[in-house]
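**Student:**
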Amino acid sequence: MVLATMLTTSQTTALRPKDTDGDGKPDSYLEHQPDPPLVEDFDDDNDFWSDYDETLCGTNPLDETDFPTDSDGDGTCDVLEDDTDGDGVADGEDAFPFDSEEWMDTDGDGVGDNADTDDDNDSWSDADEERCGSDPQNAVSVPTIIEEDGGCVATKTSPKDDGDDDDSSSSTLWWICVCFPLLLLLLLIPLLYVAKERGDSLLVMVGARNGPEPENTTSRPQFAKGSGTKNDPFVLRPAHVENFGDSVASKESITISKLDPDTLVTITDMAASTNRGRFNMDSIVVEGKADEKGSGSVVFNLLFDDNVTEDDVSGVYTGQIRVGSASVYLQWEVTVGDPEADMLAAADLGLLN
């Protein structure tokens with residue numbers, strides 16, 4: 007009797023499907039399904055990367071500590087893309103392929119031109135060279151008109167007589183009309199660059215308007231991970247659409263507070279061309295007392311609609327969502343149909359190379 011019991015237990019263990027992350031879904035499709043049938047797990051180690059993507063990226067789909075690196079947060083692992091840091095410059099031409107804020111090092115000193123105050127290492131600062139009309143990225147090009155104090159002047163001037171009020175007035179007017187706008191422009195350029203990199207509105211950065219910010223963003227249930235920035239977006243739990251043309255809403259209900267009432271918050275998929283509009287959403291009007299700046303808030307769920315195209319094609323779509331003109335970024339992966347099963351079927355039919 008004891009031997010029979012042991013045999014039954016051993017047989018049960020042998021029939022139990024492998025479930026690496028213990029979520030109740032088997033790692034692979036079972037030919038002989040139990041009743042009720044089990045649903046295959048497309049993320050065996052529960053690391054928010056599908057088994058299919060991990061296989062393409064060369065990581066172990068059964069090890070939650072081994073997952074692809076995605077430096078620019080665009081949903082494509084570094085080994086599969088030409089521009090790792092997403093700064094618009096291909097890795098082969100990028101002096102800093104893992105730094106989205108740097109791509110050129112004119113003097114080869116290991117400091118990128120954006121951070122380097124003397125790009126060509128000619129002992130003249132970039133600001134002085136721009137003011138004096140020489141090329142800040144060419145060590146041979148240096149200012150040639152030198153004052154007694156060692157500084158340059160932008161234009162030659164005729165010698166003036168002592169007490170010449172007209173020359174003094176002209177010099178003052180020249181500073182007001184030329185130098186002041188140039189200085190203002192030099193101040194605005196870095197501000198505009200930082201605003202572009204963060205995805206911020208310039209009005210939000212200077213405090214003239216209250217837009218969505220990561221520190222004012224929460225969700226129920228909580229985000230899986232991330233800090234809400236462009237390089238580290240909030241990650242939502244993956245969703246699955248079984249039938250072509252269906253839609254699904256995110257499990258997370260997202261709240262953004264400290265907004266200006268009666269303003270519009272836009273929701274934009276930065277990968278819309280790839281996802282073909284499946285993550286498109288209408289703008290949201292901020293609710294709150296109109297006379298109390300920063301008192302408004304919005305509450306919403308992300309939406310995925312597979313009915314925007316006529317193609318009945320399974321696949322995995324990753325929405326790179328930017329909320330508002332400020333810097334709240336979200337990432338949401340939605341699987342339509344059964345991509346792995348379709349690929350296997352296509353391979354069996356000889357449709358894949």
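Count along the sequence shown starting at 1, add 6, and that's the number in the working numbering. Note that beta-carbon positions come from the ideal geometry of N, C-alpha and C, so glycine has one too.
#1: When the Cα atoms are used, what is the spatial distance from D247 to E219?
#2: Per DSSP, what are the beta-bridge partners of I327 in this structure?
#3: My guess is that S140 and S129 are in contact by the Cβ rule of under 8 Å, so how many angstroms apart are they, rounded?
#4: Considering only the beta carbon of each residue, do G302 and D344 sit closer than 8 Å?
#5: Using C-beta distances below 6 Å, list every residue in its chain close to T163, excluding the 5 sequence neighbours before and after it, in chain order.
#6: Does E99 come out as helix, strand or coil in the three-state DSSP assignment?
#7: Straight-line CA distance for K264 to N216?
#8: Return the chain-ordered list of same chain residues with a C-beta closer than 8 Å to the C-beta of E293, the five sequence neighbours on each side being excluded.
#9: When the Cα atoms are used, what is the spatial distance from S131 to F186?
#10: Which first and last residues belong to the beta strand (DSSP E) in which L265 is found?
#11: Nearest to G251 by alpha carbon, out of A296, V319, R328?
#12: According to the neighbour-count rule (16 or more other Cβ atoms, all chains shown, within 10 Å of its Cβ), is N144 buried or exposed?
#13: Out of curiosity, what's the CA-to-CA distance linking C138 and R226?
#14: Here's the rule I'm using: 16 or more other beta-carbon atoms within 10 Å means buried, otherwise exposed. How should P196 be labelled?
**Tutor:** Looking at the coordinates:
#1: Looking at the sequence provided, one finds Val at residue 247 rather than Asp. Cα to Cα, the separation comes out at about 30 Å.
#2: DSSP output for I327 lists D275, L336 as bridge partner(s).
#3: With 8 Å as the limit, S140 and S129 do not qualify as a contact, their Cβ atoms being about 12 Å apart.
#4: no
#5: Confidence in T163 is poor, its pLDDT being 39 and thus under 50, which makes the residue's placement too unreliable to answer from.
#6: helix
#7: 7 Å
#8: P267, G302, S303, V304
#9: 19 Å
#10: 259-265
#11: V319
#12: exposed
#13: Rounded to the nearest angstrom, the two C-alpha atoms are 56 Å apart.
#14: Classification of P196: exposed, given that the 10 Å Cβ count is below 16.
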